[in-house]
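First the structure, in the form of structure tokens, and then the observations on it.
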């Protein structure tokens, strides 16, 4: 094991031998922390590949059925999508602030920022629910009864291509929303423990790891937004 | 030296605590390895049971044992159970879990609770698989091709997909654990270039598990969504492309075969060095080769799709890449052989399995090259040639490596020696049974017998009968170690810490090891496989 | 991230940049640029993603090179999946 310079403050290493959070199979808090964070990053790349499968399918079908994808995208609500993007970016800010508060040992700030993060997360999910409700009542769910109307309120000539687009819309945003729900759960869990005073400069790895997860889910949305909502400004002619 | 008699039993990981909750709530990597051992052995026999039914049906050309639909379910369940519930977890989750922390001088894996979670996920997936089987199974083939799986099949596709999805997470977590463990938990002096090749092999496997399995997960989810909600992304009538499923499926499932074989190769390296009393030939190349296999293995998946309808240009690219991936495997075979050259070779049971592995894996691998050639692929794809090819690697290769590893490390795991005569006998029976089962299948395939057919043309019968006879012998061979391993736990010779006088940190611990493996963190000062030092007739300081 | 503590100003600054880039991508989508629309959109998305990763996730200050290797590996593997599967679809009509 190479010796790496520890960036932790002296107080942390002094506490290490008596740190009640040190698990028995680790030699030091630094090793435990490094392992824990590395584990979260490895987990995140599994998530890259999980969503990656859907991005691959999306890319292939957009290549094959561009007009239908344009049509589908035009039926997205530009404003809800944009607001949701802003909401998630704000939540990443508050999440980062929460981790920072843990690093500086400000208990109330940790809890405060985490609660605001939860609020933003729930707002995102609420908006998605509104969008889903809208798409559902417009029969824009793939399968029997799928319908897509063009700008003249007639069934679009690209309906079946758009149906493929909507399959990806529902699947990709659905899995994203599922990850958001899990994220809200995780943030709530650490918010509770933060309120109990569990985290501080000596131990904040769970906050850091939940933060990494939360930012990752935001990253996925950063790509979903333009790919689903911003494909084109106008219908494909002909 | 091993001895009979009543030992004063020192405290070890087996006797430290008794009671079912001490096993079901354990975080000790060694106990978790045994939990896996029990479960994968259970599924091995279930998968084997389906294999026997298949071979029984194929005794005669007519479809007379089962109906055609049932036959589809038999080969599907055989494949799914064997691939996902035996081959993928076997060496990593049993031997890897047990040995990797000890081999690197650590007290446990990086994340012991995630390790236990990993087993629970496997067990839950296994329960879903049992549910699927008891309710009639899936009939899509283990490959789940659409649109049969996504639309037309009325068998239990979703239950099977769910079982595999859950077991896939078990695999991902094991891989994640191994990667972080090897990076962060090595004892002082245990540099990357001193790691046993078994650790390198499992590390490379872990990379594949982490990067490949999630794609299988999403693919199965999409099939389930298509089935439940009628989405249409794989439905040709609505513009979907069934080949998209195949691309996504094989993106995982080709590297998956390297998940299955690499840990076995790691075990073979440990065995060959010990029973040749020699350092491995070309350590650096052996380590680089497993990494190369892991990486290159991700670039070849469409060789499973040559006749499915992909573009000819893509086919040429994937064919060329498939030839590249054979190179590191070949390097390994050469290096094992070179290790034995001028070594002091002895033929204990583990070494018999290692020999079997090297020969049979080579045959299986070479036939892979046949399959990678586009022109020849058209003739032999979807025939018994393919079946023989992958069974040579999976059964002749991987299962033999697994059994070799189990015999090699059995004294360490259980504190007992297995009976050597029965070990050798079982190995011989398995070797003979294996070749009798699968060699005829190469001929059958080349002659044109298609795979997954429940009845066949009468001229294929003789070879099929030979194959079934072989399968029966093979079954006997597999039952024997079950019996004598169990027997040995009570009546076997008590093993000391290093009955093979082998190199490696695991042989410096007691047999079986204590719960935390080492009393003190070891300090590693020498390269792996230092057999020249071990066999010197001078006193060698051993880390205790 | 474990060691380095960023300033609140830095985080707010990154957030402002992210807001601007969001406005930019929304606005750019209203302009007809043909094939270039998707390129620009993905470019902006990648800038945003980089800001989140480097600063909010702390990749810029990470002391351990392995984190970078892990991230690059994940992205490279995604690239393999996307590019090699596209070779099939792009070339299907070449014959």
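Residue numbers (the numbering used here), protein chains in the order written: chain A, -1 to 236; chain B, 2 to 545; chain C, 384 to 478. For glycine and all other residues, C-beta sits at the position ideal for the given N, C-alpha and C. Because the structure is a prediction, the values reported are computed rather than measured.
Span separating the alpha-carbon of residue 66 of chain A from that of residue 464 of chain C = The straight-line gap from Cα to Cα measures roughly 24 Å.
Can you give me the Cβ contacts of residue 364 of chain C inside the same chain, cut-off strictly under 6 Å, excluding the 5 residues immediately before and after it?
-> The structure shown does not extend to residue 364 of chain C, since chain C spans only 384 to 478, so no value can be given for it.
Taking Cβ-Cβ distances shorter than 8 Å, what residues in chain B pair up with residue 398 of chain C?
-> Here the premise fails: no neighbours, minimum Cβ distance about 30 Å.
List the residues that DSSP assigns as beta-bridge partners of residue 451 of chain B.
-> Bridge partners of residue 451 of chain B: B:384.
In three-state terms, what does DSSP make of residue 311 of chain B?
-> coil
Neighbourhood of residue 349 of chain B by C-beta distance below 7 Å, restricted to the same chain and skipping five residues each side | For residue 349 of chain B, where only same-chain residues beyond five positions count, the Cβ hits under 7 Å are 276, 421.
Stretch-stretch touch, CB-based, cutoff 8 Å, three pairs: the stretch 181 to 194 of chain B with the stretch 101 to 115 of chain B | Look at the beta carbons and you see the stretch 181 to 194 of chain B touching the stretch 101 to 115 of chain B: at least three pairs across the two are nearer than 8 Å.
Given that residue 391 of chain C touches chain A, what residues does it touch there, using C-beta distances under 8 Å?
-> 95, 98
Flag this pair as yes or no: are the beta carbons of residue 80 of chain A and residue 115 of chain A separated by less than 7 Å?
-> no
Meets three-Cβ-pair contact criterion under 8 Å: the stretch 233 to 240 of chain B and the stretch 151 to 164 of chain A = By the criterion of at least three beta-carbon pairs nearer than 8 Å, the stretch 233 to 240 of chain B is in contact with the stretch 151 to 164 of chain A.
How many whole angstroms separate the CB atoms of residue 202 of chain A and residue 101 of chain A, which I take to be in contact at a CB cut-off of 8 Å?
-> 6 Å
Buried or exposed by the 16-neighbour rule on C-beta atoms within 10 Å, applied to residue 436 of chain B = buried
Interface residues of chain C facing residue 323 of chain B [CB-CB closer than 9 Å] = Result: empty, since nearest Cβ-Cβ is about 12 Å, beyond 9 Å.
Can you check DSSP and say which residues form a bridge with residue 153 of chain A?
-> The partner list for residue 153 of chain A (beta bridge, DSSP) reads A:147.
Taking the alpha-carbon positions, what's the residue 45 of chain B to residue 362 of chain B distance?
-> Separation of residue 45 of chain B and residue 362 of chain B (C-alpha to C-alpha, rounded to the nearest whole angstrom) is 20 Å.
What number of angstroms, rounded off, separates the C-alpha of residue 396 of chain C from the C-alpha of residue 450 of chain C?
-> 24 Å
Span of the alpha helix (DSSP H) around residue 229 of chain A = Taken as a continuous stretch (DSSP letters only), residue 229 of chain A belongs to no alpha helix (DSSP H), as it is neither H nor E.
Where does residue 228 of chain B sit, in a helix, a strand or coil, going by DSSP?
-> Residue 228 of chain B: helix per DSSP, three-state reduction.
Rounded C-alpha distance that separates residue 21 of chain A from residue 305 of chain B = Whole-angstrom Cα-Cα distance: 46 Å.
Under 7 Å between C-beta atoms, does residue 17 of chain B make it to chain A?
-> no
Identify each residue in the stretch 443 to 474 of chain C for which the Cβ-Cβ distance to at least one residue of chain A is less than 8 Å, and report them in chain order.
-> If you check each beta-carbon in the stretch 443 to 474 of chain C against every beta-carbon of chain A, the ones closer than 8 Å belong to 446, 447, 449, 450, 453, 454, 456, 457, 458, 460, 461, 464, 465, 468, 469, 472, 473.
Who are the near neighbours of residue 384 of chain B in its chain, counting only those whose CB is closer than 7 Å to its CB and skipping five residues on each side?
-> 446, 449, 450, 451, 452
Does DSSP put residue 195 of chain B in a helix, in a strand, or in coil?
-> The answer is helix: DSSP assigns residue 195 of chain B an H, G or I state.
Find the residues of chain A that neighbour residue 424 of chain C, judging by a C-beta separation of less than 8 Å, and give them in chain order.
-> Contact annotation for residue 424 of chain C against chain A: 224, 225, 228 [CB-CB distance below 8 Å, chain order].
Is the stretch 269 to 284 of chain B in contact with the stretch 496 to 505 of chain B, if contact means three or more CB pairs nearer than 8 Å?
-> yes
Whole-angstrom C-beta distance between residue 259 of chain B and residue 216 of chain B, which should lie under 8 Å = The Cβ separation is near 14 Å, so there is no contact.
State whether the stretch 279 to 290 of chain B contacts the stretch 336 to 355 of chain B, with contact taken as three or more CB pairs (one from each stretch) at a distance under 8 Å.
-> yes
For the alpha helix (DSSP H) that contains residue 76 of chain A, what are its first and last residues?
-> 76 to 102
Exposed unless 16 or more other CB atoms sit within 10 angstroms - verdict on residue 417 of chain B | Buried, since its Cβ has 16 or more Cβ neighbours within 10 Å.
How would you list, in chain order, the residues of chain C whose beta-carbon sits under 9 Å from the beta-carbon of residue 252 of chain B?
-> 463, 464, 467, 468
Run through DSSP, which three-state label would residue 0 of chain A get?
-> Its pLDDT being 36, under 50, residue 0 of chain A is placed unreliably by the model, and the measurement read from it follows with that caveat. Correct three-state label for residue 0 of chain A: coil.
Mind reading off the beta-carbon distance from residue 116 of chain B to residue 33 of chain B? Whole number of angstroms is fine, and I expect it under 8 Å.
-> Between the beta-carbon of residue 116 of chain B and that of residue 33 of chain B there is about 5 Å, and that keeps the pair under the 8 Å contact cut.
When you compare only the Cα positions, how much space is there between residue 123 of chain A and residue 433 of chain C?
-> Take the alpha-carbon of residue 123 of chain A and the one of residue 433 of chain C: they are about 24 Å apart.
Please go through the same chain and pick out, in chain order, the residues whose beta-carbon is closer than 7 Å to the beta-carbon of residue 133 of chain B, but skip the five residues on each side of it.
-> 139, 157, 160, 161, 164
State the Cα-Cα distance for the pair residue 78 of chain B and residue 47 of chain B, rounded to the nearest angstrom.
-> 9 Å
For residue 212 of chain B, decide whether its Cβ has a neighbour in chain C, counting only Cβ atoms nearer than 7 Å.
-> yes
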